[in-house]
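Just so you know, we're using my numbering here: the sequence shown kicks off at 220 and counts up by one. Beta carbons are placed, not taken as given, at the ideal position from N, Cα and C, and that holds for glycine. All remarks here apply to the structure that follows.
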Amino acid sequence: MSPFTRTASGRTFTPAAPSTPPPAAPAATPIVWPAGTPAPGTSTGQAPVRVASFNVFGVNNDAKSTADMRPWRERRAVVAAQILREQVDVVGLQEANQSTIYGSSLDYGTTQYGDLRGAVNAAGAHYAVTNEASYNCARENSNQACVPAYRGASNSTRILYNTDTLDLLAQGSLRYAAQSAGHIDRYLAWGVFRVRATGGELLFADTHLDSYDTAVRVAQWHELIDRVTALQNGRPVVVVGDFNTSKFSSWAAQMLPAMQRAGFGDVLNQQYANPNAVSPRAQNRVDAWMNSFHGFVRKVSGYSAFQGSRIGNNIDWVFASNALPVTDWKTVVDHDPSTLEISGVIPSDHSMVAATLLIP
């Protein structure tokens with residue numbers, strides 16, 4: 220058969236060769252999350268390290284501001300001032316937004332955690348974030364058309380540390396396998412630090428567990444235990460974060476002992492469904508009777524145990540290796556003791572919780 224076809228006009232044409240479909244895009248390579256850390260060095264002695272957990276309430280909530288729930292630009296100064304006043308060496312942040320779309324609400328960086336770091340350093344300090352990448356994508360600052368690639372990112376869960384007192388030796392993240400469909404991915408962020416004064420080291424981990432589904436939350440918690448155990452490599456461990464769990468949550472009956480058995484129990488030694496202080500590890504406690512979450516309610520008495528030996532109903536936790544001495548704990552609330560009301564701008568819907576540990 221002729222390759223030419225004659226039309227009514229007498230013109231001829233050559234049919235186009237059959238088109239070849241483009242090759243299929245290669246399948247995305249699954250991200251491999253780090254599961255090991257370098258061998259620890261040698262310490263010359265014990266040193267105090269001040270650790271903290273602070274859910275800073277995302278800048279993405281600014282549109283919902285009220286008289287007491289102020290926008291991030293107003294709250295940031297108080298968040299930074301509390302970190303500096305408490306002389307925190309390393310703090311786990313939650314809800315420190317990773318998106319770059321809120322630039323008009325920021326002054327010191329393109330992300331909320333970068334903005335906080337800049338505010339702290341503008342006051343003369345020297346802090347750094349363990350990982351600046353926003354997303355685990357080939358383009359680490361955008362999740363649009365994301366090509367998965369490990370960048371050590373951990374969404375809004377971040378670690379801020381004082382470079383004058385600590386050296387960062389390794390860092391990474393883990394996206395939990397268990398996730399609530401349709402909601403933000405939850406992560407474990409971690410860093411290995413060396414105490415500059417002594418050479419002692421610690422593994423510091425930070426998380427914000429799922430707030431929608433109890434089964435998912437508990438599964439994430441078990442993943443945390445497994446990954447922290449794999450990463451510690453003989454070092455002392457500190458795990459902080461917003462666990463969306465109080466000691467009265469039913470699953471706390473299972474998970475608080477699980478942390479203790481794994482080797483890193485609560486520094487207040489809180490017991491399931493027991494509001495009393497039962498042999499707390501922290502030798503000195505300041506305002507531990509206040510709940511760590513208050514939802515921007517100014518009246519402290521509305522979210523606390525009585526002023527005494529009881530421990531507040533916290534959802535923000537500090538866990539640490541069982542053998543570590545804990546010299547003190549503080550629920551950081553700038554309040555007037557005569558009125559039991561928070562003074563000035565309320566920094567977040569959570570209070571920072573801080574503890575001092577002696578790292579060998």
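Beta-carbon proximity list for residue i, same chain, < 7 Å, skipping 5 on both sides
i, result
"N362", "Y354, C356"
"S528", "N495, A496"
"E293", "V564"
"S511", "G531, N533, I534, D535, T550, H569, S570, V572"
Identity of the residues DSSP links to residue i by a beta bridge
i, result
"Y406", "R394"
"D485", "F538"
"F427", "Per the sequence shown, the amino acid found at residue 427 is His instead of Phe. In DSSP, H427 forms a bridge with D461."
"R377", "L312"
"D383", "For D383, which the question treats as bridged, DSSP gives no partner whatsoever."
"K518", "E560"
Residue from the options whose Cα sits closest to the Cα of residue i
i, options, result
"N533", "T263, V516, D425, M509", "M509"
"V458", "C365, V310, N374, Y491", "V310"
"L385", "T349, L335, L543", "T349"
"V551", "G531, H402, L543", "G531"
"H569", "G514, D555, I561, T575", "G514"
"G460", "Y491, H402, A449, S375", "S375"
"T256", "A539, N452, V366", "N452"
"N517", "A271, F423, R289", "The displayed chain sequence assigns Arg, not Asn, to residue 517. Looking at the Cα atoms, R289 is the closest of the given residues."
"S373", "A364, Y395, C365, V447", "Y395"
"L428", "E314, Y346, A347", "E314"
"L543", "V505, P367, A507, P499", "P499"
"M474", "W440, D432, A492, A344", "W440"
Close Cβ partners of residue i (< 6 Å) along its chain, the five nearest in sequence each way excluded
i, result
"V278", "W291, N316, Y321, S324, Q331"
"Q265", "L577, P579"
"S557", "none"
"D555", "S562"
8 Å Cβ shell around residue i - same chain, five flanking residues per side excluded
i, result
"E420", "P259, G260, S262, L388, V411, F412, R413, V414, R454, P455, I578"
"N541", "Q479, G482, F483, G484"
"S520", "L559"
"L303", "V339, A342, A344"
(Q) For the structure I just gave you, are there three or more beta carbon pairs, one from the stretch 409-418 and one from the stretch 270-283, closer than 8 Å? (A) Counting Cβ pairs under 8 Å, fewer than three are found: no touch.
**Q.** Within the stretch 287-321, ranges of the beta strand (DSSP E) (whole runs, at least 3 residues)
**A.** Along the stretch 287-321, the beta strand (DSSP E) occurs as fully enclosed runs of 3 or more residues at 309-313, listed in sequence order.
Q: Would you check if the stretch 483-502 and the stretch 331-340 touch, i.e. whether three or more CB-CB distances between them fall below 8 Å?
A: No: the two stretches stay apart, fewer than three of their Cβ pairs being nearer than 8 Å.
Q: Counting only runs of 4+ residues fully inside the stretch 535-572, write out the alpha helix (DSSP H) ranges in chain order.
A: Correct list: empty.
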